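Below is one structure; the comments refer to it alone.
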Amino acid sequence: MTIFINAVRNSAGRLIIALLPNTDALFMSLLDRSLAAVWHPCTQMKQHEQQPLIAIARGEGPWLFDSDGKRYLDAVSSWWVNLFGHCNAHINQRLREQLEKLEHVMLAGFTHEPVVRLSEKLSALTGGALGHAFYASDGASATEIALKMSLHYWRNSGRGSKDRFVCLAGSYHGETVGALAVTDIALFRDAYAPLVRAADTVPSPDARTAEAGESAVDVARRAAAILEAWLIDNHERTAALIVEPLVQCATGMAMYDPEYLRLARALCDKYEVHLIADEIAVGCGRTGTFFACEQSGIWPDFICLSKGISGGYLPLSLVLSRDSIYQAFYADDVSRGFLHSHSYTGNPLACTAALATLEIFEHENVLARNAERAASMRAAAQPLAEHPCVKHLRQQGMILAFDVSGASSGFARRYGDAAREAGVLLRPIGNTVYWMPPYVLDEAEFSLLGKVSLDALQVSL
Ligand SMILES: Cc1ncc(COP(=O)(O)O)c(C=O)c1O
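Letter 200 of the sequence shown, counting from 1, is numbered 201 in our numbering, and no numbers are missing.
Structure below.
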């Protein structure tokens, strides 16, 4: 008799794993097995008593297909990672080729072509201003690396008192303990307060906070003036300011003027504080330029990248830094080195997916075509702009968002459910609805996105 591992409900009605004989009557759905065997991320699991999981069987372009064949337009790029559609033929091909050569080798003491080529290309994309790519797997690890490198730089430079960080109000830089220290979202941070050495926060230059008669640039200048006042008092104990350039995504797509980055760069220079640009969500063309920082004409001391860099295929993150930072670690003394590592650092498959992603950028003139796509996206949102409950409709490149006023509690869930029912994947953040689709939608798909977003609003207020 064949024995299957399966999920069953115990006498209390909870799903548990059990070994079962192959009896069809006892066989449970993939969804129940998932609830019994998997702890899903960023989820109060009990909510799945009301809201079923969706089992995705395959993807194609911007579409995901569930196991019943129903399709969903992935308007959030699967948590902001997918750039060129699911199962992209070019990335698939490059991965197949690499699979036949080398799946993985440790990066300490060894190197390989994909990691070298990728590092060279990324440095070239900064015009050589930053380089020496240091690799990890998830975005939060890149945040940790940048924080540790900054602090260790100051220590190696004989200024060990510079051991604190400052971030923007509402910032999000990941969920690991170090990253939570610079994440200003209470729901994610408060439960772990005893573990977290929280950074200081300064006001966000969020353009929505404009007072009567103020422009987005004015808001940026006002926020930068407060940053300067803070730095005057605190720069001697501060290693770095960390920012999400142009769009603070996880707090609800707060967008701000590039002027803030220009001013922050100048202030960081003046007060000898590093500037860390967390481009994990906004890098790789999301805001219109490859790096969001380019729009303010500055380079930070560190850039963190992840999510889109592998085209949404494989976990890959990295930190680029200025040569002066690298040089501060270069010494005979081992302890002055950056002794940080992850087992999968620089994984050849992930680097190959990233190289294939950058090839698409080069060969398909993606940034120019995205300017047209961004215009289509804006046009598709026009009917929403006219809705009386839609406030602060805003856009930065391939990110569009609006706030919904007058919505009752549970709006985000109701809205997401209604959109999903109509075949579009949207996950509002509180009362903010946003679109962050892969760079492959055609006009019909943008129209669908606009229509479903409006219809979902009518039924979920
Ligand atoms: C700006 C920013 N930083 C860091 C992270 C964390 O990345 P990961 O979820 O891959 O750890 C995210 C994730 O959404 C992010 O948006």
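Where a beta carbon is used, it is the ideal one built from N, C-alpha and C, also for glycine.
Keep in mind it's a predicted model, so treat the numbers as computed, not measured.
| query | result |
| --- | --- |
| Considering only residues of the same chain and omitting the five flanking positions on each side of S307, which have a CB-CB separation below 7 Å? | D139, G140, A143, I281, L317 and S318 |
| Please check if any C-beta of chain D sits within less than 7 Å of the C-beta of A194. | Protein chain content of the structure displayed is limited to a single chain, and chain D is not contained in it. |
| Could you give the first and the last residue of the continuous beta strand (DSSP E) run that contains L401? | I400 to V405 |
| Thinking just about the alpha-carbon of each residue, which of N371, S448 and L455 is nearest to the one in P389? | L455 |
| Excluding five sequence neighbours on each side, which residues of the same chain lie with their C-beta closer than 8 Å to the C-beta of V106? | H113 and P349 |
| Can you give me the start and stop residues for the alpha helix (DSSP H) that Q94 sits inside? | A90 to L100 |
| Considering Cα atoms alone, identify which of H87, A170 and A147 is closest to D164. | A147 |
| Can you give the Cα-Cα distance for Y154 and V460, rounded to whole angstroms? | 53 Å |
| Does at least one heavy atom of ligand 1 sit under 6 Å from the Cβ of G1? | The first residue shown for the chain is 2 and the last is 462, placing residue 1 beyond what the model contains. |
| Using a Cβ-based criterion (distance less than 6 Å to any ligand heavy atom), does D207 qualify as near ligand 1? | no |
| I'd like to confirm the pairing. Which residues does DSSP put opposite K392 in its beta bridges? | D404 |
| Taking the CB atoms as reference points, tell me whether T184 and Y193 lie closer together than 7 Å. | no |
| Quick check: the Cα distance between L232 and L100, rounded to an integer number of angstroms? | 49 Å |
| Do the stretch 53-61 and the stretch 80-95 meet, that is, are 3 or more Cβ pairs less than 8 Å apart? | yes |
| What does the Cβ neighbour count give for E363, buried or exposed, with the cut at 16 atoms within 10 Å? | exposed |
| Relative to the alpha-carbon of K452, which residue among W300, L74 and A329 has its alpha-carbon at the smallest distance? | L74 |
| Extract the residue ranges of the alpha helix (DSSP H) inside the stretch 246-327, only unbroken runs of 4 or more that lie entirely within it. | 260-271 |
| With distance defined between alpha-carbon atoms, name the residue in T252, A211, D201 and A130 nearest to L188. | T252 |
| DSSP beta-bridge partners for I243? | C168 and I277 |
| For a test of the three-state rule: what should DSSP assign to H236, helix, strand or coil? | helix |
| Contact check, M399 vs G286 under 8 Å by CB: the rounded distance? | 7 Å |
| Would you say P439 and S120 are within 7 Å of each other, going by their C-beta atoms? | no |
| Have a look at A382, L368, L427 and R160 and flag the residue whose alpha-carbon is nearest the alpha-carbon of T239. | R160 |
| Go through its chain and collect everything with a Cβ distance to A413's Cβ below 8 Å, but skip five positions before and after it. | R428, P429, I430, G431 and N432 |
| Rounded to a whole number of angstroms, what is the C-alpha to C-alpha distance between A380 and Q328? | 49 Å |
| Does ligand 1 have even one heavy atom less than 6 Å from the beta-carbon of D75? | no |
| Using the Cα positions of E229 and L268, report the straight-line distance between them to the nearest angstrom. | 7 Å |
| Check whether the Cβ of H174 sits closer than 6 Å to any heavy atom of ligand 3, and report yes or no. | As far as ligands go, the structure on display features ligand 1 and does not contain ligand 3. |
| Taking 8 Å as the limit between beta carbons, can you name the residues of its chain near R263, skipping five residues before and five after? | S297, G298 and I299 |
| Does ligand 1 have even one heavy atom less than 6 Å from the beta-carbon of G140? | yes |
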